[in-house]
Structures are given as C-alpha cells and as structure tokens.
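Colleague: Below is a structure I'd like to ask you about.
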Amino acid sequence: MHKPKPAKTKRISAADRKAVTIHDLDNALELLREEIRDKDKLLEGHLSGQLDTLAADLETLSRSKADAATVAGYAESVTQDVSTLQQWLAVLQAAAERLDAGFRDAERGTEGGIVEARLAVREGEREMRRVLGEGLTALHQSVTDRAEEVVSQHLAAADLPSLAARLVTEHTASL
C-alpha cells in the first residue's frame with residue numbers, strides 16, 4: 127500500500143512575518159484612532175451639553191436674583207400701599223369724630239347743635255364713602271398690578287399666593 131505523502135507546510139519567511147505584523151499593527155493603530163475619534167466626539171458632545179447646562183443654570187440664577195428683587199420691590203410697594211390706606215383710615219376716623227361731636231351737640235338740644243350734627247353726618251358720610259372707595263380701589267388696583275408684574279417676571283405661581291397671603295396678613299394685622 128501506498129502511503130500518501132504529507133502535505134508540505136509552507137514556511138513563512140521572516141520578511142513575511144514582519145509584513146504581517148506591521149499590517150496587524152497598522153490595523154490595530156487605525157482601530158485605536160477610530161476609537162479615539164469616537165471617544166473625542168462623545169466627550170465633545172458631553173462637554174457641550176455640560177456647557178449648555180451651565181449656561182442655563184447661570185441664566186436661571188440670574189433670573190432668580192431678579193425675581194427676588196422684584197418680590198422685594200413688590201413687598202415694599204404693598205407696605206407703602208398699606209401705609210397710604212392707614213393715612214386714609216386716619217382721615218376717616220377724624221370724620222367719625224366730627225360726627226360724634228355733632229351728635230353730642232344735638233343731644234344737648236341746641237339748634238346750632240342739631241344743624242351741626244346734620245352737616246357733620248352728611249360730611250362724614252361723604253368723606254367715609256370717598257375715602258373708603260378711593261382707598262380700597264387704589265389698594266386693590268396697586269396690589270393687582272404688582273401681582274401681575276411679578277407673575278409676568280417668571281415668579282412661580284405657587285409662591286405668589288403664599289407671599290401675598292403672608293403680606294396681607296402681616297399688614298392687616300397692623301391696621
């Protein structure tokens with residue numbers, strides 16, 4: 127029987143081995159470069175996103191400071207409105223005192239006292255209506271205007287009612 131000859135194994139020369147190794151290194155280097163480019167793009171996108179977020183945070187912070195200043199201005203304005211209302215209430219109280227004086231004179235029975243009482247009543251009523259009407263209308267309009275201004279300047283709607291309630295409570299307590 128005849129045995130088949132083993133196939134000849136081809137030997138790779140040293141030059142061929144170097145060529146294959148250099149080719150593999152070139153491929154590996156190119157893959158590494160692609161990976162670096164991909165990572166660079168991801169990093170660039172991430173940094174860009176971080177910068178955008180930082181810019182938005184700075185803008186929000188800036189707006190928050192502006193909103194805080196607006197709220198402080200609003201509180202000061204409400205304080206001034208309440209002070210004005212207190213002045214009007216003082217005028218109203220003076221009118222009421224004139225009315226009381228007229229009634230005291232009328233009780234004494236003097237004719238001049240009765241006339242004075244009637245005049246005081248009419249004057250007191252007119253003064254009360256005028257002061258209350260003007261004062262409350264002006265206060266309501268002022269508070270409404272300022273509330274709208276604050277809302278338009280991006281103050282959170284949930285904060286405004288609590289702020290307004292607190293301010294009104296504090297200032298009406300002082301009346």
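Our numbering applies: residue 127 is where the sequence shown begins, and numbers increase by one.
From the three backbone atoms N, C-alpha and C, an ideal C-beta is built for every residue, glycine too.
(1) Give me the Cα-Cα distance between R292 and D183, rounded to the nearest whole angstrom.
(2) Out of curiosity, what's the CA-to-CA distance linking K167 and L177?
(3) Where N153 and E185 are concerned, what is the direct C-alpha to C-alpha distance, given to the nearest angstrom?
(4) Can you give the Cα-Cα distance for Q212 and Q219, rounded to whole angstroms?
Modeller: With the structure as the only source:
(1) Within the model, the alpha-carbon separation for R292 versus D183 is close to 29 Å.
(2) Cα-Cα distance, rounded: 15 Å.
(3) Looking at the two C-alpha atoms, the distance is approximately 48 Å.
(4) The alpha-carbon of Q212 is positioned some 10 Å away from that of Q219.
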